[in-house]
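**Student:**
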Amino acid sequence: MKNLSLILFILIFTFFSVPAFAGKGAINLPESSNASAIKHNKKGIFNYKQGYYEDALKHFRLASEVDSSVGESHYNEALCLDKLGKHGEATNHFYKARKYAKGNPAILKSKILLSHAPMKREGS
């Protein structure tokens, strides 16, 4: 009985702790962004929602190549990198996302960003 209680506790704890970092997922670029970047970002979001993180990452990187000063592109890249277990790279992109967020609360108040990039560092 104790083992069953322990297992149940672990399952419940896991279930409720995962959403703490889940966030809302990949985000759209500002409407004023380059049309090609928006197109790649939309394709990236579609793939991200399907769980195809490698494919999503390719599109988010293409969006960033078009305009590297868009925080949303870096944020989306960071989300994919985190899902792929590439946490060092994810952290670098979370810092870039913060640097170029232009006040976007979806980026600046993101729990996953704050967990990867809790304090400002030079250039962010």
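Quick note: the sequence shown, position 122, residue 617 per the numbering used here, numbers continuous.
C-beta atoms are modelled at their ideal positions from N, C-alpha and C, and glycine is treated no differently.
Note that this is a predicted model, so its numbers are computed, not measured.
Shortest alpha-carbon distance to A532 belongs to which of G546, R556, K544, Y543?
**Tutor:** R556
**Student:** If you reduce the DSSP assignment to three classes, tell me which class E584 lands in.
**Tutor:** In this structure, E584 counts as helix in the three-state DSSP scheme.
**Student:** Give the single residue among L608, G580, G566 whose Cα lies nearest to the Cα of S527.
**Tutor:** The residue from L608, G580, G566 with its alpha-carbon nearest to that of S527 is G566.
**Student:** Could you check if L608 is buried or exposed, using at least 16 other CB atoms within 10 Å of its CB as the buried criterion?
**Tutor:** buried
**Student:** If you compare alpha carbons, which of A530, L576, P613 is closest to E550?
**Tutor:** With the sequence shown as reference, residue 550 is identified as Asp, and Glu is not the correct amino acid for it. Minimum Cα distance to D550 is reached at L576.
**Student:** State the start and end residues of the unbroken alpha helix (DSSP H) segment that holds S528.
**Tutor:** Here S528 belongs to no alpha helix (DSSP H), and DSSP marks it neither H nor E.
**Student:** Does DSSP classify P600 as helix, strand or coil?
**Tutor:** helix
**Student:** Do A573 and H554 have their CB atoms nearer than 8 Å?
**Tutor:** For A573 and H554, no; Cβs fall outside 8 Å.
**Student:** Return helix, strand or coil for L579, following the three-state DSSP convention.
**Tutor:** coil
**Student:** Could you give the DSSP three-state label for Y548: helix, strand or coil?
**Tutor:** helix
**Student:** For the alpha helix (DSSP H) that I522 lies in, which residues bound it at each end?
**Tutor:** Counting along the chain, no alpha helix (DSSP H) covers I522, and no H or E run does either.
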